[in-house]
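Novice: This is the structure I want to talk about, given as structure tokens.
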Amino acid sequence: MNNIETKWLRDFIMLAELGSFSQAASARNITQPAFSRRIKSLESELSLLLIDRTKTPIELTTSGKQFKTTAESILFQLDEEIDRLTGSSVQGRHTVRLSAAHSIAIGILPQIHEGIFNPKLNTNLSIVANEVDSSIERLIDGKSDFLFSFYDDRLQVAPYRSIYLGRSFLYCVSGVDEQGNALFDLDRDSDIPSLDYTPDSYMGRALKRAHSSLTHNTISTSSMSDLNKEFVIQGKGISWLPDYTIRNELKSGKLVILSEKQPVPLDLYVYRYVSKLHPSCEAIWNQLIKISPIKELHTLDTKLI
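Heads up: the sequence shown runs through residues 1 to 305, numbered per full-length UniProt numbering.
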């Protein structure tokens with residue numbers, strides 16, 4: 001692989017982003033036949049099929065998605081070193097791309113700030129919070145360096161690596177009255193309004209696998225646990241909520257756990273491709289290894305129930 005040219009890498013990344021040979025060739029200011037020859041030359045040099053040309057728009061193969069991460073890392077390092085040598089770098093910061101499920105972005109990332117914020121690395125974090133499945137797709141498509149999410153079979157094997165962050169739990173919770181008592185009692189009322197998760201959301205699927213449900217009186221469905229939490233606090237009904245999102249509300253007495261329902265476990269991970277990343281990404285990864293698992297995830301059931 002001694003004959004790979006950097007322009008081929010930039011061509012490949014442009015093609016991966018645009019999904020069209022003609023558009024990518026135009027963006028790279030060369031003819032489409034010449035552009036296609038460059039991509040074929042890259043594939044030949046790597047002895048890998050990077051592009052699935054049967055799809056419209058074209059898609060990356062599994063090898064292509066993995067190599068995109070490698071190519072971006074190589075170009076990032078090259079560009080930064082050139083900027084350093086020529087003195088043209090203003091901040092000299094490398095952008096580390098993180099994707100996370102909504103609830104994890106809010107409830108977990110602040111707990112591991114020492115792992116992802118390191119002044120010595122001089123990095124800029126680009127954090128995209130999304131639904132779980134969308135966040136996973138960002139990693140698979142090479143649009144994120146790290147993914148903070150839940151257990152997923154696809155990401156537990158090559159070409160991915162993972163760090164176990166700890167076990168969380170979904171608890172059935174209720175809002176409270178003026179005396180601090182639960183607004184709802186499952187033992188006395190089997191028709192309590194419930195705020196459920198959409199069936200195709202990660203939480204919805206996790207609850208279905210655990211054969212856990214609330215009541216038949218579903219008044220709202222959502223893929224966002226934070227939205228369900230606000231509705232529960234307002235007294236609209238009961239819901240399953242991750243422990244790391246309700247810690248403060250339990251301490252302040254805004255929410256109470258309904259012990260009639262057994263908690264549902266959720267395992268949290270940070271994922272990446274096996275490909276070598278930018279040195280600043282590797283430094284963050286090594287720091288995350290040191291601080292995992294997150295001890296705070298194991299304290300809710302002993303202190304607040």
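Here a beta-carbon is modelled for each residue, glycine too, at the ideal position from N, C-alpha and C.
(1) Throw me the rounded Cβ distance for the Ala-129 and His-102 pair, which I believe falls under 8 Å.
(2) Ignore the nearest five residues each way along the sequence and tell me which others in Gly-19's own chain have a CB closer than 8 Å to its CB.
(3) Using three-state DSSP, classify Ala-34 as helix, strand or coil.
(4) With H, G and I counted as helix, E and B as strand and the rest as coil, what does DSSP make of Thr-95?
(5) Which residue marks the beginning of the alpha helix (DSSP H) containing Leu-21, and which one marks its end?
(6) Which class does Ser-44 belong to by DSSP, given the choice of helix, strand or coil?
(7) Which residues mark the beginning and the end of the alpha helix (DSSP H) in which Gly-204 is found?
(8) In this structure, does DSSP put Leu-75 in helix, strand or coil?
(9) Give the C-beta separation of Asp-243 and Tyr-164 to the nearest angstrom, bearing in mind that I take them to be a contact with Cβ-Cβ under 8 Å.
(10) Distance check for Gly-115 and Ile-284, CA to CA, integer angstroms please.
(11) Tell me where the beta strand (DSSP E) around Tyr-271 begins and ends.
(12) Less than 9 Å between the beta carbons of Leu-42 and Asp-79, yes or no?
(13) At 3 residues or longer, and completely inside the region 105 to 181: list those beta strand (DSSP E) runs for me, N to C.
(14) With respect to the alpha helix (DSSP H) encompassing Thr-6, which residues constitute its N-terminal and C-terminal limits?
(15) Under 8 Å by Cβ, that's how I've got Leu-250 and Ser-174 pegged, so tell me the actual separation to the nearest angstrom.
(16) Just how far apart, CA to CA, sit Pro-293 and Ser-168?
(17) What do you reckon, are the CB atoms on Ser-220 and Ser-201 nearer than 9 Å?
(18) Figure out for me which residue from Ile-233, Ile-136, Thr-218 has the closest Cα to the Cα of Phe-148.
(19) Which of helix, strand or coil does DSSP assign to Ser-103?
(20) Within the same chain, show all residues whose beta-carbon is closer than 6 Å to that of residue 387, passing over the 5 residues directly before and after it, in chain order.
(21) If you draw a straight line from the C-alpha of Lys-143 to the C-alpha of Arg-97, how long is it?
(22) Taking Asn-217 and Leu-195 to be in contact with their CB atoms under 8 Å, please state how far apart those CB atoms are, rounded to whole angstroms.
(23) Does DSSP put Pro-199 in a helix, in a strand, or in coil?
(24) May I ask you to list the residues that DSSP assigns as paired with Leu-255?
Specialist: Reading it off the structure:
(1) 5 Å
(2) Pro-57, Ile-58, Glu-59
(3) helix
(4) strand
(5) With the sequence shown as reference, residue 21 is identified as Phe, and Leu is not the correct amino acid for it. It spans 21 to 27 - the alpha helix (DSSP H) in which Phe-21 sits, taken as one unbroken run.
(6) helix
(7) 202 to 209
(8) helix
(9) 17 Å between Cβ atoms; not a contact.
(10) 6 Å
(11) 264 to 273
(12) no
(13) 123 to 130, 146 to 150, 160 to 175
(14) 6 to 18
(15) That belief does not hold up - the Cβ atoms of Leu-250 and Ser-174 are roughly 11 Å apart, past 8 Å.
(16) 11 Å
(17) no
(18) Ile-136
(19) helix
(20) Here the chain comprises residues numbered 1 to 305, so residue 387 is not present and cannot be evaluated.
(21) 8 Å
(22) Actually they do not touch by this definition, with Cβ atoms about 10 Å apart.
(23) coil
(24) Gly-175
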